[in-house]
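The sequence shown maps to residues 1 to 287 in my numbering. C-beta atoms are modelled at their ideal positions from N, C-alpha and C, and glycine is treated no differently. Predicted, not measured: the structure shown is a model, and the values here were computed from it. Okay, so here's the structure we're looking at.
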Amino acid sequence: MKPPRFDYHAPRSVEEAVGLLTRYGGDAKVLAGGQSLMPMLNFRLARPAALIDVNRIPALAYVREDNGTVAFGAMTRQRTIEFSPVVARRVPLLAEATRWVGHLPIRSRGTIGGSIAHADPSAEYPAVLTALAGEVVVQGPRGRRTLAPGELFETYLTTRLAPDELLVEVRLPAMPTGAGYAFEEFARRHGDFAIVGIAAMVVRDGARCRAARLATAGAGPVPVRLRAAEEVLERDGLGEAAIAAAAARAAELVAPDSDVHASADYRRHLTSVLTARALKRAGERAR
């Protein structure tokens, strides 16, 4: 398969990249890791007039901890995140979710910004962003703005970024010390896209659950924060009955579609099963 013809640009700064996006007026694609975009080009599912390759912008690749937040440049490779001591210490849920991403070659090229901007609802990073109530920073010709997950994700493979905006940073709140976490997903084969995934974090306060965070992957057109299921845990704790009740509530909160991979009913069932598994592991890890 060969991609259609396109202009190619390799800007050296964010400002230059934004200028190119503005010039093409929505008819350009940003090339980051290329793990999703290149297959779409080769199958001619995408036919942009131009590719804007941001791999030569060194200012977009970093992991920084600052005042309770871990910030990632949009071009930070998933492999870097997988082995980052800062990530392991401050946002271990992200480190665990990264190990579910595809295979080694994909993680070696794929980027955190590219995954989130691509907005595949089955992907792990949008679910973690949603569970931890993170935000993204985007830059356009009018300057920068921040977007929460609910403001960013619109539907399948679609965000609310303007055509002349570039995602430049991802920010995640550092997890509380001693928080338990787990990422569970089900796919037909290792490395396949998840049929359903669950990101979970819990904070213990003795026998009580002081805080809980749950979000889905693959259970609808966008990642879903399961707030009503979180409330069950925060009210009733992390015992077996409470986890079972939260898992049952999680299945009621999602509205998945049926496709060639799974029916909507099966995805709801998986939501319940994986929520229970994730909460059990997260509870065991919580200190």
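Rounding to the nearest angstrom, what Cα-Cα distance links residue i and residue j in this structure?
i	j	result
T98	F43	27 Å
R56	L167	15 Å
R249	L214	12 Å
V254	R64	34 Å
L51	K29	5 Å
S272	P11	46 Å
E135	K2	36 Å
R227	E234	10 Å
A127	L274	14 Å
S263	R90	37 Å
L270	R171	29 Å
V224	G140	27 Å
R5	P39	15 Å
R281	D259	30 Å
S13	A242	51 Å
D53	G26	15 Å
A200	R189	22 Å
F83	P58	19 Å
L41	H9	16 Å
Y266	D66	41 Å
A211	L157	30 Å
DSSP beta-bridge partners for residue i?
i	result
M201	Y181 and R213
F186	V196
T159	F153
L31	D53
F72	V63 and V170
L147	V136
R328	The shown model of the chain, from 1 to 287, leaves out residue 328, and the question about it has no answer.
R225	A215
I8	Inspection of the sequence shows that residue 8 is occupied by Tyr rather than by Ile. Partner(s): L51.
L208	One point to set straight first is that residue 208 is Arg, not Leu, in the sequence displayed. Looking at the DSSP assignment, R208 forms a beta bridge with D205.
Please look up how many angstroms separate the CB atoms of residue i and residue j, rounded, as I've assumed it's under 8 Å.
i	j	result
I195	A187	6 Å
A129	I116	Rather than Ala, the amino acid found at residue 129 in this sequence is Leu. Yes, they are in contact, since the Cβ atoms of L129 and I116 sit about 6 Å apart, within 8 Å.
G283	G180	6 Å
V203	L238	The Cβ separation is near 10 Å, so there is no contact.
I81	L94	6 Å
P163	L21	7 Å
D7	A49	6 Å
V222	T155	6 Å
Note down, in chain order, each residue of its chain lying with its Cβ closer than 7 Å to the Cβ of residue i, except the 5 sequence neighbours on either side.
i	result
R268	A251, V254 and P256
T159	A117, A119, L152 and F153
T177	none
A246	A229, V232, L233, T275 and L279
T76	A61, Y62, V63, T111 and I112
A207	G237
V86	V63, E65 and V70
Beta-carbon separation of residue i and residue j under 9 Å?
i	j	result
E96	A182	yes
R109	G34	yes
I112	A74	yes
G143	A32	no
E230	W100	no
P121	G19	no
A123	A217	yes
E169	F72	yes
L161	V138	yes
Please work out which residues of its chain come closer than 8 Å, Cβ to Cβ, to residue i, disregarding the five sequence neighbours upstream and downstream, and give them in chain order.
i	result
P92	M175 and Y181
Got a sec? Which residues, its chain only, sit under 6 Å from residue i by beta carbon, not counting five neighbours each side?
i	result
S36	H118
P149	L129 and T130
H288	This structure gives no information on residue 288, because the portion of the chain shown stretches from 1 to 287.
Q78	T98, V101, R107 and G110
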